[in-house]
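Residue numbers (UniProt numbering): 1 to 150. Positions of the beta carbon are idealized from the N, C-alpha and C atoms, including for glycine. Quick caveat: nothing in here was measured; it's all calculated off a predicted structure. Report on the following structure.
Following this line, the structure appears as structure tokens:
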């Protein structure tokens with residue numbers, strides 16, 4: 001498209017969706033991410049191991065989700081692609097058998113939700129539309145990436 005001076009101008013689509021108001025602040029997420037409570041979420045439809053999913057998120061400057069409240073839990077459950085089970089950023093990687101979030105905070109059972117099922121030294125949490133359960137970290141499920149909105 002030419003402007004009045006005869007120069008070509010390009011319209012470049014902004015890679016961020018329009019700003020959304022949340023508690024008086026403007027937050028922005030990349031166009032293929034969902035915004036909720038100041039965080040951006042990307043729901044994958046590719047089944048991968050927990051480690052593969054976390055690596056994919058790191059490439060996007062994100063991580064598997066750390067759930068901090070019941071509103072966030074409900075948002076993630078409602079947003080799951082086709083209701084498919086997906087990895088959370090919660091795992092057990094030591095003989096102490098304590099659930100730990102990827103930000104190294106201990107998971108407090110029943111504070112927001114409980115993890116159903118057996119736990120082993122290499123268990124990771126999977127979320128569905130109505131529960132969170134324990135799975136072998138080498139199983140393959142969809143991933144969810146989470147990062148702060150800007």
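Start and end of the alpha helix (DSSP H) containing residue i?
| i | result |
| --- | --- |
| residue 54 | 50-59 |
| residue 102 | Element bounds for residue 102: n/a, residue is neither H nor E. |
| residue 77 | 70-79 |
What residue range is occupied by the uninterrupted beta strand (DSSP E) comprising residue i?
| i | result |
| --- | --- |
| residue 31 | That residue, residue 31, is in no beta strand (DSSP E); it is neither H nor E in DSSP. |
| residue 135 | 132-136 |
| residue 127 | 123-127 |
| residue 43 | 39-43 |
| residue 148 | 144-148 |
| residue 88 | 86-92 |
Keeping to the same chain, check which residues put their C-beta closer than 7 Å to that of residue i; ignore five residues upstream and five downstream.
| i | result |
| --- | --- |
| residue 107 | 90, 99, 100, 101 |
| residue 103 | 66 |
Flag this pair as yes or no: are the beta carbons of residue i and residue j separated by less than 7 Å?
| i | j | result |
| --- | --- | --- |
| residue 80 | residue 129 | yes |
| residue 38 | residue 87 | no |
| residue 47 | residue 140 | yes |
| residue 58 | residue 112 | no |
| residue 33 | residue 42 | yes |
| residue 150 | residue 66 | no |
| residue 85 | residue 126 | yes |
| residue 97 | residue 76 | no |
| residue 60 | residue 145 | yes |
Skipping 5 residues on each side, what residues in its chain have a beta carbon closer than 8 Å to that of residue i?
| i | result |
| --- | --- |
| residue 116 | 131, 132, 133, 134 |
| residue 114 | 132 |
| residue 121 | 92, 93, 94, 95, 97 |
| residue 78 | 129 |
Leaving out five residues on either side along the sequence, give the residues of the same chain with a beta carbon under 6 Å from the beta carbon of residue i.
| i | result |
| --- | --- |
| residue 138 | 49 |
| residue 23 | A caution first: residue 23 carries a pLDDT of 49, below 50, which makes its placement in the model unreliable, though a value can still be read off. Hits under 6 Å: none found. |
| residue 40 | 29, 33, 147, 149 |
| residue 110 | none |
| residue 68 | none |
Let me check you understand the geometry: is the CB of residue i closer than 6 Å to at least one non-hydrogen atom of the ligand SAH?
| i | result |
| --- | --- |
| residue 91 | What this structure holds is no ligand at all, so the ligand SAH is not there to describe. |
From the DSSP output, read off the bridge partner residues of residue i.
| i | result |
| --- | --- |
| residue 64 | According to DSSP, residue 64 bridges with nothing at all. |
| residue 115 | 132 |
| residue 141 | 48 |
With a cut-off of 8 Å on the beta carbons, I'd call residue i and residue j a contact; round off their distance for me.
| i | j | result |
| --- | --- | --- |
| residue 64 | residue 53 | 6 Å |
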